[in-house]
Amino acid sequence: MKARHFLLALFILIVSALPAFAQDNCPDIFKSELENISGVDTVVQNNGGFLAILKEGRKAKAVSIVSQINKLRKNNIGECDFSGVAVAVMDSNLDQVKSSSSASMSKSDITKLLYDHVYKLSPVQVEKNLRGYEKLSELAPQNSYYKARKKHYSNRAELVKTRAEYIARCLKDFSKDKSIIDLKIKRDFYLFVVAGDTPLKTAEMFMDKIAQETPRPEKKMCVIAYSADLGSRQTSCPVEYQEMLNPNEEELLMRHVQSLPGFKVQENINGYEALKKINPNSTLYTKKLAAYKSKQQGLKRFLNLHIASGEKLISKSSNRGSTLYATINREALNGKSASAHRKLFKLLTDYYGTSGYAYKKCVLKSPTGKTLGTISCSKSRCSFK
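In short: position in the sequence shown from 1, add 5, done, that's my numbering.
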């Protein structure tokens, strides 16, 4: 009997506790419902109420969302009564949208909510931070902290703008300068590959020339300059960038090497040798370097094949882009039957394939310049046509 009374009392206790438990969860439920309204970008919550920031600034859209918020406040979910919930609404420009839901909120309440939102923004979100502190300075004009942060992000926004314009001009104009072979940029790190034996001087002259028409960013820059064969390297990098130099240089140099066509075998070898100096333990660079050296050696073997007389089978060669042109020695062709020619071309095709085919195509030519056929390779297979 006592057990039955105990269970009944426990049941009553649990049931009576349920509404209170549900009530404790109501702010989270309301926040979730707000976030689910189409067009709401961010919802901020504190003891003073809620702030809903919209995804855009169109007035018609804002009015529609305010209507949905007011409708939500009239709904009850479980034990939750949302009728007294205070909600301020701002559009994407942080201009407040008129709404009865914020009638009970003071300017101080709204300011605190907006600051909670701005404080959580990443420092790299310069425009959003600037907009936020501009609005906070309007709401609380006597607040010196908001003024200082507004000035800070205003300066950063100007730096971002100046940097972007300067970088864009550098990238646009470097191809017009014969002394600049390539240029890769990441924020304040500039990697040049230049012609001549004074890489850094050439790079800085180019940057000075750009600065005459497009203002140079006030923030210091790190300049890394390589000679054309990547064998010579010079830098001008502020002390504060030294810790970041290696990873940024590696990334930029990798971007340069990856932009090289595969048929430029020696340039790729130079590239991966330079990358290995920065990161000697990279298995990727080791494999790539070995692969390109193998292609180079295979091409040399192919071009140095000899016929019975001891003369070279390929008397001369040249390339245009990714196509190799190989002239067959007259002795290997004269007096031979068509069948013998086909056998020769098949042997050359097989050998070219196993040599690594540095060029995707190899056009075989007769000594008179006539095209005998083309070796085409892809996915480790070569065919002759």
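Idealized CB from N, CA, C, for every residue including glycine.
These numbers come from a predicted model, not from an experiment.
Endpoints, the alpha helix (DSSP H) within which residue i is located
i: V165; result: S149 to D178
i: K354; result: In the sequence as presented, Lys is not what sits at residue 354; that position holds Thr. T354 -> alpha helix (DSSP H) spans A343 to T359.
i: F197; result: Counting along the chain, F197 falls outside any alpha helix (DSSP H), though it belongs to the beta strand (DSSP E) covering F194 to V199.
i: K203; result: Per the sequence shown, the amino acid found at residue 203 is Thr instead of Lys. First-last for T203: undefined, no H or E at that position.
i: Y138; result: V131 to L144
i: L99; result: Segment: none, L99 is in no alpha helix (DSSP H) and carries neither H nor E.
i: I42; result: Unbroken run through I42: none, as it is neither H nor E.
Where residue i falls, given that 16 or more other Cβ within 10 Å makes a residue buried
i: G54; result: buried
i: F26; result: With a pLDDT of 31 at F26, under the threshold of 50, the modelled position of that residue is not reliable, and the figure given next carries that caveat. Label assigned to F26: exposed.
i: N275; result: buried
i: G83; result: exposed
i: F11; result: With a pLDDT of 44 at F11, under the threshold of 50, the predicted position of this residue should be treated as unreliable, though the coordinate-derived value follows. By the 10 Å Cβ count, F11 comes out exposed.
i: A67; result: buried
i: P222; result: buried
i: D46; result: exposed
i: S388; result: exposed
i: T354; result: buried
i: E248; result: exposed
i: N51; result: exposed
i: S385; result: exposed
i: V244; result: exposed
Pair within 7 Å by beta-carbon distance, residue i and residue j
i: D96; j: L126; result: no
i: A57; j: L39; result: yes
i: L99; j: K155; result: no
i: I34; j: C85; result: yes
i: T207; j: V199; result: yes
i: K224; j: L164; result: yes
i: L235; j: A169; result: no
i: R161; j: V131; result: yes
i: V49; j: K36; result: no
i: I215; j: R174; result: yes
i: D182; j: F211; result: yes
i: I312; j: A345; result: no
i: S106; j: N75; result: yes
i: V94; j: V71; result: yes
Range of the contiguous beta strand (DSSP E) that encloses residue i
i: R238; result: R238 to S241
i: N51; result: V45 to N51
i: L126; result: Taken as a continuous stretch (DSSP letters only), L126 belongs to no beta strand (DSSP E), as it is neither H nor E.
i: S232; result: C227 to S232
i: F389; result: R386 to F389
i: K76; result: It is not in any beta strand (DSSP E) - K76 instead sits in the alpha helix (DSSP H) that spans K64 to R78.
i: S383; result: T376 to S383
i: V368; result: K366 to K370
- Item | Every unbroken beta strand (DSSP E) within the stretch 314-340, with a cutoff of 3 residues, ordered by chain | 319-325 and 328-333
- the stretch 229-248 contacting the stretch 200-212, beta-carbon criterion three pairs below 8 Å: The stretch 229-248 vs the stretch 200-212: in contact.
- Query: Is there contact here, the stretch 318-338 with the stretch 371-381, by at least three beta-carbon pairs under 8 Å?
  - Reply: yes
- Message: I'd like the ranges of any alpha helix (DSSP H) spanning at least 4 consecutive residues and lying wholly in the stretch 255-325.
- Response: Within the stretch 255-325, complete alpha helix (DSSP H) segments of at least 4 residues are found at 270-283 and 288-308, given in chain order.
- Message: Any contact between the stretch 173-189 and the stretch 120-139? By contact I mean 3 or more CB pairs, one from each, below 8 Å.
- Response: no
- Are there three or more Cβ pairs, one per stretch, closer than 8 Å when the stretch 348-363 is compared with the stretch 305-313? yes
- Message: For the stretch 239-259 against the stretch 282-299, do three or more pairs of beta-carbon atoms, one drawn from each stretch, fall closer than 8 Å, so that the two count as touching?
- Response: yes
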